[in-house]
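Residue numbers (this note's numbering), protein chains in the order written: chain A, 2 to 351; chain B, 1252 to 1486.
In what follows, a single structure is set out as structure tokens and then discussed.
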């Protein structure tokens, strides 16, 4: 209910810019849920996740912009983008199957950079991506003849496209949440959890660890590609700059901050890390009003606060703001372990 | 024909030969142990059998030859491994760990019955069923690892050093349990450095040294063998 009227509250209270922020919040929630499948469920640390977002966005731009003169419909392009990203998820997963932890992180980081650098340089000999200038005039979403590209005037009020995108993104986000929750409780989700905990034991239980890991990569990437396509349609413009390493790290931070593996936590993390930087922009205005000039650039402050927040988190809530019940128990239990071990020792003697 | 027949099994890590072509058998219902010093190739033998490292040589299990099969396929044929260091799923609960043991099974009612049996055999696990497995003591984790493997109703249970790192009294408990499981008719291949215990509980034994089998025979005979006593039983 609140979700349904939220853009109106934001729109009338704070202006259209905040409806736009809401749209981005939803996109990041979608991304964070996707990455959570790879990192939170299956325990595969992926630092190049944004590459899948880029692939979804670029595919959308290729098939629905003047760049190649193609203007395929939204409902066709979006799944294709998600599928392309999923395919690349498998392509990244296959050669990295034997890697874990730090080593996997390095390779995925490299993969993310490779995709970005390709997008940056594939304007010659054949102009595929238009290089650093990016791709422009991407078709807005159009459903049943209703284009999201133009504002709607009804009852003397004007609703800009940000409102329509809000509901579109909300629908996809709710779908993603549903799928992610179902996956967690499924046989597949349990297999991922086992692989995360101990891969050898998981294989010995009869889990096809290779296929399950590839599936995790593919599923996560599919969500990323989906978000990318939505992003391209929403922005109307994409460039390699939007898909740098910082974005990958940001999405990972959302998961860590909110509570890895736990969907409500992941959502909270994505909301906080999207909204807080936006809110900090007001600090610039505040400084200008009180001091007459900007003493501390809010963009710098953002990084500082970000760092402080993460350090504080690690100290006070290492399992995340809303940890999964298992992680919570794990951290709560740590204090009790020594005591209990002592008790066990006496037990066996008795 | 034996449940497990191994002929000329070789296991290598890169260029290093850990197991240099060994032959052995485990018959249905037997408890066979593989004893030997650290680095003799005992654990490598189990890893080779389970497909965690691709071995060379012939392994016949339940009448079929296992050839270049991945671990999960070997598990599906009824071989279960309790790995060295237990390999429990630390951030899953005890009950969830046990449920993972029955991952390949669909017979819900039977699984439930087996779970009840596991709790009967290990009352400690029943008390702690909702607790995270990583918070259990070492001995409880070993019990959990064995109970979890049993949840798959294996035809052959491979145990890798179940006594490792445990207090003597806990080791006794674990071995009593192993004997009880064997008594129920489960076929077990036990790898153990603690030769004394392993020879007490097993029917037959093989002694491994530097990747080869040097002695074999009924356990009670090997326990009296002067060579074995000198090398492994501290005489």
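Cβ atoms here follow ideal geometry from the backbone N, Cα and C, with glycine treated the same way.
These figures come from a predicted structure and were not determined experimentally.
query: What separation, rounded to the nearest whole angstrom, lies between the Cα atoms of residue 1420 (chain B) and residue 1467 (chain B)?; result: 29 Å
query: Taking all protein chains shown into account, do 16 or more other C-beta atoms lie within 10 angstroms of the C-beta of residue 247 (chain A), making it buried, or fewer, making it exposed?; result: exposed
query: Quick one: what does DSSP say residue 1402 (chain B) is sitting in, helix, strand or coil?; result: coil
query: In angstroms with no decimal places, state the Cα-to-Cα distance between residue 336 (chain A) and residue 286 (chain A).; result: Bear in mind that the predicted position of residue 336 (chain A) carries a pLDDT of just 48, short of 50, making it too unreliable to give a figure here.
query: Scan the stretch 204 to 227 of chain A for residues whose Cβ lies nearer than 8 Å to a Cβ of chain B and list them as they occur along the chain.; result: 204, 205, 206, 207, 208, 209, 210, 211
query: Taking only beta-carbon atoms, is residue 282 (chain A) less than 8 Å away from chain B?; result: no
query: State the Cα-Cα distance for the pair residue 197 (chain A) and residue 43 (chain A), rounded to the nearest angstrom.; result: 5 Å
query: Contact check, residue 1441 (chain B) vs residue 1410 (chain B) under 8 Å by CB: the rounded distance?; result: 5 Å
query: With a threshold of 16 other CB atoms inside 10 Å of the CB of residue 144 (chain A), please say whether the residue is buried or exposed.; result: exposed
query: What is the rounded straight-line gap between the Cα of residue 1254 (chain B) and the Cα of residue 1279 (chain B)?; result: 5 Å
query: Per DSSP, residue 101 (chain A) is paired with what?; result: DSSP output for residue 101 (chain A) lists no bridge partner at all.
query: Which residues, taken in chain order from the stretch 1300 to 1319 of chain B, show a beta carbon closer than 9 Å to some beta carbon of chain A?; result: 1301, 1302, 1303
query: Along chain B, in chain order, which residues have C-beta atoms closer than 8 Å to that of residue 95 (chain A)?; result: In chain order: nothing, as chain B lies at least about 15 Å away.
query: In chain order, what residues of the same chain lie with their CB nearer than 8 Å to the CB of residue 1355 (chain B), ignoring the 5 residues before and after it?; result: 1326, 1327, 1403
query: Grab me the residues of residue 1303 (chain B)'s own chain with a C-beta within less than 6 Å of its C-beta, minus the 5 sequence neighbours each way, in chain order.; result: 1322
query: For chain B, find out if any of its Cβ atoms is closer than 8 Å to the Cβ of residue 194 (chain A); answer yes or no.; result: yes
query: Taking 8 Å as the threshold, find out whether the stretch 1277 to 1292 of chain B comes into contact with the stretch 156 to 174 of chain A through three or more Cβ pairs.; result: no
query: State the start and end residues of the unbroken beta strand (DSSP E) segment that holds residue 1267 (chain B).; result: 1267 to 1277
query: What residue range is occupied by the uninterrupted alpha helix (DSSP H) comprising residue 314 (chain A)?; result: 299 to 317
query: Hey, would you say the C-beta of residue 103 (chain A) is under 7 Å away from at least one heavy atom of the ligand FAD?; result: In the structure shown, the ligand FAD is absent, as is every other ligand, since no ligand is present at all.
query: If you follow the beta strand (DSSP E) that residue 1305 (chain B) is part of, which residue opens it and which one closes it?; result: Element bounds for residue 1305 (chain B): n/a, residue is neither H nor E.
query: Is it true that the stretch 229 to 248 of chain A meets the stretch 108 to 119 of chain A, where meeting means three or more beta-carbon pairs spaced less than 8 Å apart?; result: yes
query: When Cβ atoms are compared, which residues of the stretch 1350 to 1362 of chain B fall closer than 8 Å to chain A?; result: 1350, 1351, 1352, 1354, 1355
query: Under 9 Å, CB to CB, which of the residues in the stretch 1363 to 1376 of chain B have a partner in chain A?; result: 1375
query: Which of the three DSSP states is assigned to residue 350 (chain A) in this structure?; result: Residue placement at residue 350 (chain A) is poorly supported in this model, since its pLDDT is 42, which falls under 50; the coordinates still yield a value, given next. DSSP places residue 350 (chain A) in helix when its eight states are reduced to three.
query: Mind checking whether residue 62 (chain A) and residue 142 (chain A) have CB atoms under 8 Å apart?; result: no
query: In whole angstroms, what is the alpha-carbon distance linking residue 54 (chain A) and residue 83 (chain A)?; result: 9 Å
query: Could you round the C-beta distance between residue 1337 (chain B) and residue 1430 (chain B) to whole angstroms and report it? I think they count as a contact, below 8 Å.; result: 19 Å between Cβ atoms; not a contact.
query: Tell me the DSSP bridge mates of residue 1460 (chain B)?; result: B:1463
query: What residues in the stretch 166 to 195 of chain A bring their beta carbon closer than 9 Å to a beta carbon of chain B?; result: 188, 191, 192, 194, 195
query: At least one CB of chain B closer than 8 Å to the CB of residue 264 (chain A): is that the case?; result: no
query: Look at the alpha carbon of residue 1436 (chain B) and the alpha carbon of residue 1406 (chain B), and state the distance between them as a whole number of angstroms.; result: 10 Å
query: Distance check for residue 1434 (chain B) and residue 50 (chain A), CA to CA, integer angstroms please.; result: 52 Å
query: Under a Cβ-count criterion, where at least 16 other Cβ atoms within 10 Å of its own Cβ denotes burial, should residue 1361 (chain B) be classed as buried or exposed?; result: exposed
query: Counting only beta-carbon atoms, is residue 202 (chain A) nearer than 8 Å to chain B?; result: yes
query: Going by C-alpha distance, which of A:322, A:219, A:274 is nearest residue 87 (chain A)?; result: A:219
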